[in-house]
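All remarks here apply to the structure that follows.
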Amino acid sequence: MQKQRIASADPLDDHRDWRQSDWASDVDDGWFWQLIRGRRSVRRYLPDPVERPLLEQLLTAAIWAPSAHNRQPWRFCVVTTDQTKQALSDRMGARWRSDLSADGVDEAIIERRVRISHARITGAPALVAVSLSLEGMDDYPDPRRQEAEWLMAVQSTALSCQNLLLAAHRYGLAACWMCAPLFVPDLVRDVLDLPESWHPQALITLGYAAEEKQRERLPLAERVTWR
Ligand SMILES: Cc1cc2nc3c(=O)[nH]c(=O)nc-3n(C[C@H](O)[C@H](O)[C@H](O)COP(=O)(O)O)c2cc1C
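So, in structure tokens, the structure goes:
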């Protein structure tokens, strides 16, 4: 598969079918809908490395996300070395294997799942391990408000990930969000030698696409209520 960049000749640019209404029909928003609707979670990548300036561009998009009180709780660790990818995948795989085993999942299924996950992590030219830090966030004496503050940090960090995913798509890269670090935060912190104050939230795999993906969404009416 060829590396792709968004071009005006892209058939996906014909966004008229993508709109829910003609409300903004005089606005030249084809690029916008291509960006929003053309992004897909892609899990297999070409071996081509992703250049550091491009990764920095994506991270710059990430840090321009809105955040609660503009405290920017996101933290990123970029992994491009095979050794670290391997270590991360091996350690996460071992833990996943033992969790699934304890759940009574069939051994063959466990091996298959772990193998797929390993291929995805080690086969991605770049990984961004996304964490959040509460440093700089407000501190409350009671759990109710402290929990809301934590949630705001999670929400802000998730928004930075969405910016990163959209930027990846804009620059012709493919990406996928993996939630695995949420289940093994200590392990991720240990392998990547992250500060204690970083709470791993996600792993974003990045590279040039080696597969094409299609996804649909449910109609607005199934997810929106008007009052
Ligand atoms: C919070 C979150 C966690 C996700 N975790 C995983 C994951 O662990 N593995 C995976 O393959 N995809 C994961 N995804 C990607 C979703 O499966 C994907 O976004 C969804 O199927 C819609 O497909 P699309 O992104 O191509 O529109 C995650 C996405 C989000 C937002």
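For what it's worth, our numbering labels the leading residue of the sequence shown as 1491, then goes sequentially. Cβ coordinates follow ideal geometry from the N, Cα and C atoms, glycine included.
Problem - Buried/exposed call for residue 1540, threshold 16 Cβ in 10 Å - result: buried
Exercise for the section: Report yes if the C-beta distance between residue 1534 and residue 1686 is below 8 Å; otherwise report no. Expected result: no
Practice task
Report all residues from its chain with a CB closer than 6 Å to the CB of residue 1681; omit the five preceding and five following residues, and keep chain order.
Solution key: 1577, 1578 and 1581
Handout entry: Near ligand 1: residue 1705 beta-carbon under 7 Å from a heavy atom
Key = yes
Practice task
Check residue 1540 in the structure and name its three-state DSSP category.
Solution key: coil
Problem - Stretch pair the segment 1691-1707 + the segment 1626-1640: three plus CB contacts closer than 8 Å - result: no
Practice task
Starting from residue 1567, follow the beta strand (DSSP E) in both directions and report where the run begins and ends.
Solution key: Taken as a continuous stretch (DSSP letters only), the beta strand (DSSP E) holding residue 1567 covers 1564-1569.
Problem - Buried or exposed by the 16-neighbour rule on C-beta atoms within 10 Å, applied to residue 1635 - result: exposed
Practice task
Write down the C-beta distance between residue 1620 and residue 1573 rounded to the nearest angstrom, noting that I regard them as a contact closer than 8 Å.
Solution key: The C-beta distance from residue 1620 to residue 1573 rounds to 21 Å, too long to fall under 8 Å, and the pair is not in contact.
Handout entry: For residue 1697, the three-state DSSP class (helix, strand or coil)
Key = strand
Problem - As assigned by DSSP and simplified to three states, the class of residue 1622 - result: strand
Handout entry: Per-residue DSSP class, three states only, for residue 1579
Key = helix
Exercise for the section: Keeping to the same chain, check which residues put their C-beta closer than 8 Å to that of residue 1617; ignore five residues upstream and five downstream. Expected result: 1568, 1569, 1570, 1575, 1578, 1611, 1693, 1694, 1695 and 1696
Practice task
Whole angstroms is fine: what's the gap from residue 1524's alpha carbon to residue 1631's?
Solution key: So the two alpha carbons sit approximately 46 Å from each other.
Exercise for the section: On a CA-only basis, which of 1708, 1596 and 1654 is nearest residue 1565? Give me that one, please. Expected result: 1654
Handout entry: Residue span of the beta strand (DSSP E) that contains residue 1668, given as start and end
Key = If you look at residue 1668, you'll find it in the beta strand (DSSP E) that goes 1664-1668.
Exercise for the section: For residue 1643, name the three-state secondary structure that DSSP assigns. Expected result: helix
Practice task
Run the proximity test for residue 1666: is its beta-carbon closer than 7 Å to any non-hydrogen atom belonging to ligand 1?
Solution key: It does: the Cβ of residue 1666 is within 7 Å (strictly closer) of some heavy atom of ligand 1.
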